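K.L.:
Here's a structure for you.
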Amino acid sequence: MRLHQNMDSLNVYQNYKKNLNVQAGVLNRISTGQKINSAKDNPNKLGQSENFRMQIRGLQSAAKNVQDGVSMMQATDGDLETVSNSLVRMKELTVQASNGTNSIEDLKVIQLEIDQLKKNIDNTAKNSDFNGVNLINNKFVSNNDNPEYKTCMIGSNAEEDIKIPMFNITTDALRDKDGNNPLSEVDVTKVENINKNLSSINKAIDNVSRVRSRYGAIQNRMESTANNISGSIASLEKADSIIRDSDIALEMADYARTSILHESSTALLAQTNRFPSDILSILQRVK
1 MRLHQNMDSL NVYQNYKKNL NVQAGVLNRI STGQKINSAK DNPNKLGQSE
51 NFRMQIRGLQ SAAKNVQDGV SMMQATDGDL ETVSNSLVRM KELTVQASNG
101 TNSIEDLKVI QLEIDQLKKN IDNTAKNSDF NGVNLINNKF VSNNDNPEYK
151 TCMIGSNAEE DIKIPMFNIT TDALRDKDGN NPLSEVDVTK VENINKNLSS
201 INKAIDNVSR VRSRYGAIQN RMESTANNIS GSIASLEKAD SIIRDSDIAL
251 EMADYARTSI LHESSTALLA QTNRFPSDIL SILQRVK
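Residue numbers for the sequence shown, in full-length UniProt numbering: 1 to 287.
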């Protein structure tokens, strides 16, 4: 008589172990909500996902830079609006002073307000600040037609940047069209200065308007870039989700299937393990 191994029991045991491993993987995917929890789960897809996530992080940093840039443009425009309002008031007072009906005392009173407006312009320009950056009090700019520039990154790759001009909006830098007669020297107490005064003020108003227009255009570009970045991030996150995230409904169905297989394997294993006992019982009877 020949005795052989209980191959049925071994086969059932192998299937039992396989189902246990599959079920453990399903439980892991359900508990973490991710299909890929380690490199061995899917090396190729993991590489794709990590690449997506690297791009997402870069774009998120770029989005923050752009939002900071937009905030800086908004803060600076608020300061420029204050300067513009002061200049408009200076023009009103200068025109008022030139009507030929004012006494010397009247002109001195008007000049007091003009001096206060000039001080307000300088204070606004010098105190303009966004996180330590001042765009309208650059001491290296003597002519606002030739500003200095500051680079701001608006993307996640090299050369994805924007040049932000930096001006000098102080009363010493704001001059007439020939670069003479600074705003700081506007004096309505001297009637002969009327044309010079108006020339300086008009040029200053024009300068500030053009500066605001340039910053407005930059802000529009930044906001458009922010929208594009937001769309790119959403697309990448969706692609990453398809790779990484578990389909919980599908995983639960798979868990139910593996549970049934596990229970059936357990029952079969118990049944096949009875074969040796049955054979021994038969042999004992033969004796």
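Beta carbons are placed, not taken as given, at the ideal position from N, Cα and C, and that holds for glycine.
Treat the numbers as computed from the prediction; the structure is a model and nothing was measured.
#1: In chain order, what residues of the same chain have a beta carbon less than 8 Å from the beta carbon of Lys-91, not counting five sequence neighbours either side?
#2: On the three-state DSSP scale, how would you describe Ser-86?
#3: I'd like to check one pair, Asn-144 with Asn-227: are the Cβ atoms closer than 9 Å?
#4: Would you kindly report the start and end of the unbroken beta strand (DSSP E) that includes Ile-164?
#5: Return helix, strand or coil for Phe-130, following the three-state DSSP convention.
#6: What are the partner residues of Thr-151, as DSSP defines its beta bridges?
#7: Report yes if the C-beta distance between Thr-151 and Ile-136 is below 9 Å; otherwise report no.
#8: If you measure between the beta carbons of Ser-98 and Ser-156, is that distance less than 9 Å?
#9: Return the chain-ordered list of same chain residues with a C-beta closer than 8 Å to the C-beta of Asp-77, the five sequence neighbours on each side being excluded.
#10: Give me the residue from Ile-169, Asp-129, Val-66 and Glu-192 with the minimum Cα distance to Ser-184.
#11: Could you have a look at Asn-137 and say whether DSSP puts it in helix, strand or coil?
#12: So what's Val-109 in DSSP terms, helix, strand or just coil?
#13: Where do the ends of the alpha helix (DSSP H) carrying Glu-192 lie?
#14: Going by other Cβ atoms of all chains shown within 10 Å of its Cβ, with 16 needed for buried, is Pro-147 buried or exposed?
#15: Does Ala-101 pass the burial test, meaning 16 or more other C-beta atoms within 10 Å, or should it be called exposed?
#16: If we call anything under 9 Å between Cβ atoms a contact, is Lys-118 one with Val-66?
#17: So, with DSSP's three-state summary, where would you put Gly-78?
#18: Give the straight-line distance between the Cα atoms of Ser-86 and Glu-113, rounded to the nearest whole angstrom.
#19: Would Ser-84 be called buried (16 or more neighbouring beta carbons within 10 Å of its own) or exposed?
#20: Should Met-166 be labelled buried (16 or more other beta-carbon atoms within 10 Å of its own) or exposed?
#21: Taking all protein chains shown into account, do 16 or more other C-beta atoms lie within 10 angstroms of the C-beta of Met-54, making it buried, or fewer, making it exposed?
#22: Considering only their Cβ atoms, is the gap separating Ile-242 from Ile-56 smaller than 9 Å?
#23: Helix, strand or coil, according to DSSP, for Asn-146 in the structure here?
#24: Just to confirm my understanding: we take Lys-126, look at its own chain, exclude 5 residues before and 5 after, and list those with CB closer than 6 Å. What are they?
P.N.:
Reading from the atomic positions:
#1: On the sequence shown, residue 91 is found 91 positions in, with the first residue counted as 1. Same-chain partners within the cutoff: Leu-198, Ile-201, Asn-202 and Ile-205.
#2: Walking along the sequence shown from the start, residue 86 turns up at place 86. The DSSP-derived three-state label of Ser-86 is helix.
#3: The sequence position of residue 227 within the sequence shown is 227, counting from 1. The sequence position of residue 144 within the sequence shown is 144, counting from 1. Going by C-beta atoms, Asn-227 is not nearer than 9 Å to Asn-144.
#4: Start at 1 with the first residue of the sequence shown, and residue 164 comes out as number 164. Ile-164 -> beta strand (DSSP E) spans 161 to 166.
#5: On the sequence shown, position 130 is the one that residue 130 refers to. Residue state, collapsed to three classes: strand.
#6: Start at 1 with the first residue of the sequence shown, and residue 151 comes out as number 151. DSSP lists Lys-163 as partners of Thr-151.
#7: If you number the sequence shown from 1, residue 151 lands on position 151. If you number the sequence shown from 1, residue 136 lands on position 136. No, the pair does not count as a contact, with Cβ atoms beyond the cut-off.
#8: Your numbering for residue 98 matches position 98 in the sequence shown. Your numbering for residue 156 matches position 156 in the sequence shown. No.
#9: In the sequence shown, counting from the first residue as 1, residue 77 sits at position 77. Same-chain partners within the cutoff: Arg-212, Tyr-215, Gly-216 and Gln-219.
#10: Stepping through the sequence shown from its first residue, residue 184 is reached at position 184. Selected option, being the one with the closest Cα: Ile-169.
#11: As a working note, residue 137 is residue 137 in the sequence shown. In the structure shown, Asn-137 sits in a strand (DSSP, three-state: E or B).
#12: Taking the first residue of the sequence shown as 1, we reach residue 109 at position 109. In the structure shown, Val-109 sits in a helix (DSSP, three-state: H, G or I).
#13: Stepping through the sequence shown from its first residue, residue 192 is reached at position 192. Per DSSP, Glu-192 belongs to no alpha helix (DSSP H) and is neither H nor E.
#14: Residue numbering aside, residue 147 sits at position 147 when the sequence shown is read from its first letter. So Pro-147 ends up on the buried side.
#15: Taking the first residue of the sequence shown as position 1, residue 101 is located at position 101. The amino acid at residue 101 is misidentified as Ala; the sequence shows Thr. So Thr-101 ends up on the exposed side.
#16: Within the sequence shown, residue 118 is the residue found at index 118, counting from 1. Within the sequence shown, residue 66 is the residue found at index 66, counting from 1. At least 9 Å separates the beta-carbon of Lys-118 from that of Val-66.
#17: As a working note, residue 78 is residue 78 in the sequence shown. Correct three-state label for Gly-78: helix.
#18: On the sequence shown, residue 86 is found 86 positions in, with the first residue counted as 1. On the sequence shown, residue 113 is found 113 positions in, with the first residue counted as 1. If I take the Cα positions, the gap works out to 10 Å.
#19: Against the sequence shown, residue 84 aligns to sequence position 84. So Ser-84 ends up on the buried side.
#20: The count along the sequence shown starts at 1 and reaches residue 166 at position 166. Buried: at least 16 other Cβ atoms inside 10 Å.
#21: Residue 54 sits at position 54 when you count from the first residue of the sequence shown. Answer is exposed; the Cβ neighbour count stays below 16.
#22: Walking along the sequence shown from the start, residue 56 turns up at place 56. Walking along the sequence shown from the start, residue 242 turns up at place 242. Contact flag unset, no.
#23: As a first step, residue 146 must be located in the sequence shown, where it is residue number 146. In this structure, Asn-146 counts as coil in the three-state DSSP scheme.
#24: Looking up residue 126 in the sequence shown gives position 126. Cβ within range, chain order: Asn-137.
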